[in-house]
Amino acid sequence: RIPVVARGWWLPETAVVGLGNRSVVFKKEDNVFVPKNVPTGIRAQGLVQILDSVARWQVAKNASYMVGSESFIRQQNNQ
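Numbered continuously in the working numbering, the sequence shown closes out at residue 1365.
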């Protein structure tokens, strides 16, 4: 079952990294993936609801691949 929600965008869970109370995706900007904070909603069947528009974003499909086990993610504000 997938809940019917009137707002938001859906990304695969693998595209979103949880950092405590924040969620980050990697947005492609000028051929480089940059971490961006995104507000998330519900999670269902391997998908995560993103509450802000990411319609024109190119996002890394697997965010864990972008981060090493000992890496620190420097977050930026959404733009």
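C-beta: ideal position from N, C-alpha, C; glycine also.
| Item | Value |
| --- | --- |
| Since residue 1333 sits in a beta bridge, which residues does DSSP pair it with? | 1298 and 1330 |
| Got a sec, what are the start and stop residues for the alpha helix (DSSP H) residue 1339 sits in? | Taken as a continuous stretch (DSSP letters only), residue 1339 belongs to no alpha helix (DSSP H), as it is neither H nor E. |
| Between 1294, 1330, 1296 and 1305, which has its C-alpha nearest residue 1323's C-alpha? | 1305 |
| Alpha carbon to alpha carbon, what distance is there between residue 1321 and residue 1311? | 6 Å |
| Roughly how many angstroms lie between the CA atoms of residue 1329 and residue 1297, to the nearest whole one? | 10 Å |
| Kindly indicate the opening and closing residues of the alpha helix (DSSP H) around residue 1346. | Counting along the chain, residue 1346 falls outside any alpha helix (DSSP H), and DSSP gives it neither H nor E. |
| Note down, in chain order, each residue of its chain lying with its Cβ closer than 8 Å to the Cβ of residue 1326, except the 5 sequence neighbours on either side. | 1302, 1309, 1334, 1335, 1336 and 1337 |
| Work out the CA separation of residue 1316 and residue 1294 for me, nearest whole Å. | 25 Å |
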